[in-house]
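Peer 1:
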Amino acid sequence: MDYQKGYVLMSDLTTLTSSYRICVQHVYDKASWLLDAVNGVFMDTDVPKYTVPDLSDELINRNAYIWLKHLMQDVQTAVNSVVACYNDHSLIDQQTGELTSTVSLWIPNSLSLNDELLNNLNNDFKSANDTLDRLFDYVEPYM
29 MDYQKGYVLM
39 SDLTTLTSSY
49 RICVQHVYDK
59 ASWLLDAVNG
69 VFMDTDVPKY
79 TVPDLSDELI
89 NRNAYIWLKH
99 LMQDVQTAVN
109 SVVACYNDHS
119 LIDQQTGELT
129 STVSLWIPNS
139 LSLNDELLNN
149 LNNDFKSAND
159 TLDRLFDYVE
169 PYM
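Following this note's numbering, the numbering of the sequence shown begins with 29 at its first residue and continues without gaps.
#1: Would you identify the three-state DSSP class for residue 47, choosing helix, strand or coil?
#2: For residue 100, which of helix, strand or coil comes out of DSSP?
#3: If we call anything under 8 Å between Cβ atoms a contact, is residue 153 one with residue 78?
#4: Does the Cβ of residue 33 have 16 or more other Cβ atoms within 10 Å, making it buried, or fewer, making it exposed?
#5: For residue 98, which of 121, 133, 68 has the nearest alpha-carbon?
#6: Have a look at 38, 116, 59, 60 and flag the residue whose alpha-carbon is nearest the alpha-carbon of residue 50.
#7: Span of the alpha helix (DSSP H) holding residue 158?
#8: So what does DSSP say about residue 33, is it helix, strand or coil?
Here it is, written out as structure tokens:
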């Protein structure tokens, strides 16, 4: 898999679970790719297998809320583990010399299907993807 910069926004609530699954898997694929890239150079990085667990049903209910919440926590953990790995290997902004900051994502605290939920989830995916894309820029010269 080649690294794919950018991301796709979730556009409506009618396809929330399927589009959320796609967005999470996209972040997971990027995180794995970036960790594989570091491992290819330093050969000291364990690359976890990130997979999106199935939702028991596609209904928007308590199970969906718990699934959304746990997955966003896992996305935050995955992105921050890549950030930590890159900081540990001094794969940082060469112009400023600053370490990459960890991300702090909004974690759903209820399942209210409204534009605020969609905007918050899209902002989370934007933050996660922008951070991973910046890390790609740091490792790309070594590829």
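Glycine residues also receive a C-beta, built at the ideal position from the N, C-alpha and C atoms.
These numbers come from a predicted model, not from an experiment.
Peer 2: With the given structure in hand:
#1: Taking the first residue of the sequence shown as position 1, residue 47 is located at position 19. The answer is helix: DSSP assigns residue 47 an H, G or I state.
#2: Residue 100 sits at position 72 when you count from the first residue of the sequence shown. It is helical.
#3: By one-based count along the sequence shown, residue 153 stands at place 125. By one-based count along the sequence shown, residue 78 stands at place 50. No, the pair does not count as a contact, with Cβ atoms beyond the cut-off.
#4: Counting from 1 along the sequence shown, the entry for residue 33 is found at position 5. Flag for residue 33 reads exposed.
#5: For the purposes of this step, residue 98 is taken as residue 70 along the sequence shown, with counting starting at 1. Considering only alpha carbons, the answer is 133.
#6: Here residue 50 is taken as the residue at index 22 of the sequence shown, counted from 1. Per the Cα distances, 38.
#7: Here residue 158 corresponds to residue number 130 of the sequence shown, with the count starting at 1. Per DSSP, residue 158 belongs to the alpha helix (DSSP H) from 143-167.
#8: In the sequence shown, counting from the first residue as 1, residue 33 sits at position 5. If DSSP states are grouped into helix, strand and coil, residue 33 belongs with coil.
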